[in-house]
Amino acid sequence: MNVPERARRRRDEGSATVATAITFPVVGLLFLALAQAVMVSVARDVAQSAAEEGLRVARARQGTFAAGRDAAASFARHEPILEAPAVTVSGTNTITMQVAGRAPSLLPGVNITVTRTVRGARERFTTPGPA
């Protein structure tokens, strides 16, 4: 049996609309996932840089934990991509600086925590011993 051309054409009407209705949300979701991944990556970079800055100040010869903590917190607060930054410092000869915060979320109710830790030896002057 041969289906008339007119009847065949009528069955295809609207197929582009259905295909668009199916693919558009998927493309939108992929775009949001990519944008969220970029925000998390940048927040990690900011936390890493803040921790390194705090460590640089804290491990200096006259540096203190408080000065290092303040430097890291100041760096993190000046970058709006890292929300609610918290800084912890510990150690004696090897100083450990940890910066934690949240990455901005494009989806309500999703909280992504970012934590970066750096370690370095406290700088000190020594005199050469007898050979």
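With the working numbering, the residue at position 125 of the sequence shown is 126, and numbering never jumps.
Idealized CB from N, CA, C, for every residue including glycine.
All figures in this text were calculated on a predicted structure; none of them were measured in a lab.
Taking 9 Å as the cut-off, the Cβ atoms of T89 and R123 do not count as close.
Closest in alpha carbon position to E84, among V41, V27, G29, is V41. In this structure, G102 sits away from V119, with a CB-CB distance that is not shorter than 9 Å. In the DSSP assignment, S16 falls within the unbroken alpha helix (DSSP H) covering 16–59. A straight-line Cα-Cα distance of about 48 Å links E80 and S16. The alpha-carbon of A36 is positioned some 11 Å away from that of G29.
Listed in chain order, the beta strand (DSSP E) runs fully inside the segment 61–126 are 84–91, 95–104, 113–122, counting runs of at least 3 residues.
Distance between V39 and V19, taken at the CA atoms: about 31 Å. G121 and R60 have their C-alpha atoms spaced approximately 7 Å apart. G55 and P129 have their alpha carbons spaced roughly 30 Å apart. Taken atom to atom, the span from the alpha-carbon of F126 to that of P109 is near 52 Å. Rounded to whole angstroms, the gap between the alpha carbons of A77 and V27 is 35 Å.
Around the Cβ of A22, a 10 Å sphere holds fewer than 16 other Cβ atoms; the residue is exposed.
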